[in-house]
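*Asks:* Starting off with a structure, shown below.
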Amino acid sequence: MELNVSTSSQGGHAVVTATGELDLYTAPRLQNALAVLLREEVDRIVVDLSGVEFCDSTGMNVLLSAMKRLKERGGSLELAAPRPAVRRILQVTGLDSVFTVVDAVPAPHAG
């Protein structure tokens, strides 16, 4: 299964949409997208997981390292709309209390 990653950004806010399976083989695609945003000085990233059917520890580590780098400079990373399987992984690993998890992708700020 492939992983498709698309990014839209507006002002210091970006939404990264991932669809497919996030695992050892596909995680570098998400990592690259996040690295580009980190270089662009984006201060808030929302990762839309509504299309992710599977996520392993490699995928979680990619998300964790991006969140850590953002937090170091006062930014934030949120996970939006994870499917039940991904939400379960977050709960089992305790990462649901580390990440900010929201039920829907927030609308971009007007103005």
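Numbering-wise (our numbering), the sequence shown opens with residue 5 and increments by one. We put the CB at the ideal spot given by N, CA and C, even for glycine.
Around the Cβ of G78, are there at least 16 other Cβ atoms within 10 angstroms (buried) or fewer (exposed)?
*Replies:* With fewer than 16 other Cβ atoms within 10 Å, it is exposed.
*Asks:* Which whole-angstrom value is the C-beta distance of E44 and G24, which I expect to be below 8 Å?
*Replies:* At roughly 24 Å, the Cβ-Cβ gap does not stay under 8 Å, so E44 and G24 are not in contact.
*Asks:* How far does the alpha helix (DSSP H) with R73 in it reach, from first residue to last?
*Replies:* S61 to E76
*Asks:* Distance check for L34 and L74, CA to CA, integer angstroms please.
*Replies:* 15 Å
*Asks:* Let me know the alpha helix (DSSP H) ranges lying completely inside the segment 5-65, each 4 residues or longer, listed in chain order.
*Replies:* 31-43
*Asks:* So, V50 versus V9, is the Cβ gap smaller than 9 Å?
*Replies:* Taking C-beta atoms as the reference points, V50 and V9 fail to come closer than 9 Å.
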